[in-house]
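These notes concern the structure reproduced below.
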Amino acid sequence: MARWVIHLDLDAFYASAEQLTRPTLAGRPVLVGGTGPRGVVAGASYESRVFGIRSAMPMSQARRLLPANGVIVPPRFRVYERLSQDVFAAVTAVAPVLEKISLDEAFAEPPQLVDASFDAVTEFCASLRARILAETGLVASIGAGNGKQIAKIASDEAKPDGLLVVPQGTEREFLAPLPVRALWGIGPVAEGKLRFIGVQTLGQLAALSEQDAVATLGGVVGRDLRRLATGADDRPVAGRAETKQVSAETTFDIDIIDLATLRTEVRRIAAGAHQRLLKAERVARTVVIKLRHTDMHTVTRSETISAPTDDLAELAATAERLLLDPAEFGGIRLAGVAYSGLSVPHQDALFSLAAPSVSSTVVSAAPAAAPPPSTWRQGDDVVHEEFGTGWVQGAGHGRVTVRFETRSSGPGVARTFEQADPALRRGDPGDCLK
């Protein structure tokens, strides 16, 4: 019987969530991310991508590319998590087993699609996209095919706001012209190895003999990737347990015997584990290092930091502090770094500084003082005693401009207040979902 797997991906999720809950931003270039000197773009709306902006780009670079009507807002992961729950609740109503990859991406294998026709699958996916839009206001692209790999690539091809079903029996033809990097499991290193032997497309990879694939990419990996390139994929769709820890480790060709070299290697390993932390969309509270001695004796050490973070500099520095000097410990054949104590990164707390208190003392003889620096930042959630829920559009010179709107309100009215107005206070990010 024909097996059908679907892959669902919410389009430009973080930026779309901002446009949904702050209707004034609809149709405008929107960036989500940190604005500090090391800030990066966590999410970019499709309206901003036409200017060359992309996720993970340094915010300093993205700011230069952003047009005059563009907006930069800080991430509000509490909002994204709530919306993600709403989306997946809509999906599980018709596809009870869901393999969630992240807040905005999941696989499903609906039992009612077993041995279904191409038209029936297309109708099911179209209905699911409509249901998600109606119940949450968010747009999802969906791909469907005979397995997870085909479904994932199909949803990528369908973006933005699209649907692509790959007919049974056409998988190899569908994959053939795509670059090898389109396949999960092929990164820069594997791509370089394949390019060295003249393989640049999935069709060329599928045409390799198993012997050549294994010789180029390694035993199990070479066989599996070549098989996936032919369109064969019987991996099950199954619910995933919550990620408890991410890690990376390296066994060295030659034992490390000096601290400087060990520090360099551990920084590199910490960066590898950090990539997995970002992919899991989590922040970590505890850093663990593992050191294996030449005689195979293994030592682990850990340190819990003051607040959960995904800042690589802080995580790597903590890992370095935990190292043992090989001059005392002895030669080291393996080192590993793990991040645990994971949680959803409610980074909106970083932007929730309390408003300054207002002094009632007035000295008439003193010259007029410049207003204190604003503690309001663009994108902050606020609530006003009279006007309700809103967000900060801009602040400075002792004043703050607030746009009062929510998901259901439509574009709202902007009003300007003194920054210390007692009627204005910090809001709950979740209020914008009303």
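Residue 1 is where the sequence shown starts when you use the UniProt record's numbering, and the numbers rise one by one after that.
No residue lacks a Cβ here, since even glycine has one placed at the ideal position from N, Cα and C.
- Our two residues, residue 58 and residue 211, have alpha carbons roughly 42 Å apart in a direct line.
- In the three-state reduction of the DSSP assignment, residue 290 falls in the strand class.
- Put simply, of 385, 407 and 233 the residue whose alpha carbon is nearest the alpha carbon of residue 426 is 385.
- The beta carbon of residue 150 is closer than 6 Å to those of 166 and 171 in its chain, skipping five residues each way along the sequence.
- With a 10 Å radius around the Cβ and a threshold of 16 neighbouring Cβ atoms, residue 69 comes out exposed.
- If the five residues before and after residue 390 are omitted, its C-beta is found closer than 6 Å to the C-beta atoms of 382, 402, 403 and 404, all from its own chain and listed in chain order.
- For the pair residue 20 and residue 137, the CB atoms are nearer than the 8 Å cut-off.
- For a cut-off of 8 Å, the C-beta gap from residue 33 to residue 47 is around 16 Å, too long to register as a contact.
- Listed in chain order, the non-local C-beta contacts of residue 178 below 6 Å within the same chain comprise 202, local neighbours out to five positions each way being set aside.
- Contact between the region 313–332 and the region 247–264 is present, with at least three C-beta pairs closer than 8 Å.
- Membership of residue 110 in any alpha helix (DSSP H) is not indicated, and neither H nor E is assigned to it by DSSP.
- Counting along the chain, residue 424 sits inside the beta strand (DSSP E) bounded by residues 424–426.
- Excluding its 5 nearest sequence neighbours in each direction, residue 318 has C-beta neighbours in its own chain below 7 Å: 287, 303 and 305, listed in chain order.
- Residue range 210–217 is occupied by the alpha helix (DSSP H) that includes residue 216.
- In this structure, the alpha-carbon of residue 231 lies about 15 Å from that of residue 155.
- At a cut-off of 3 residues, the continuous stretches assigned as beta strand (DSSP E) that sit fully inside the region 228–292 are 245–256.
- Each residue's CA atom was taken as its position, placing residue 243 and residue 7 some 20 Å apart.
- From the listed residues 315, 295, 344 and 290, the smallest Cα separation to residue 323 is found for 290.
- Cβ neighbours of residue 114 within its own chain (closer than 6 Å, five residues either side excluded): 1.
- Cβ contact annotation for residue 129 (same chain, cutoff 7 Å, sequence separation greater than five): 140, 142 and 163, in chain order.
- For residue 98, there is no enclosing alpha helix (DSSP H); the residue is found in the beta strand (DSSP E) stretching over 98–102.
- Taking C-alpha positions only, residue 339 is separated from residue 123 by approximately 43 Å.
- About 16 Å separates the CB atoms of residue 159 and residue 107; that is not less than 8 Å, and the two are not in contact.
- Looking at 62, 52 and 83, the one whose alpha-carbon comes closest to that of residue 10 is 83.
- In the three-state reduction of the DSSP assignment, residue 43 falls in the strand class, which pools E and B.
- The residue among 16, 294, 95 and 247 with its C-alpha nearest the C-alpha of residue 271 is 247.
- In this structure, DSSP gives residue 50 a state outside helix and strand, which the three-state scheme calls coil.
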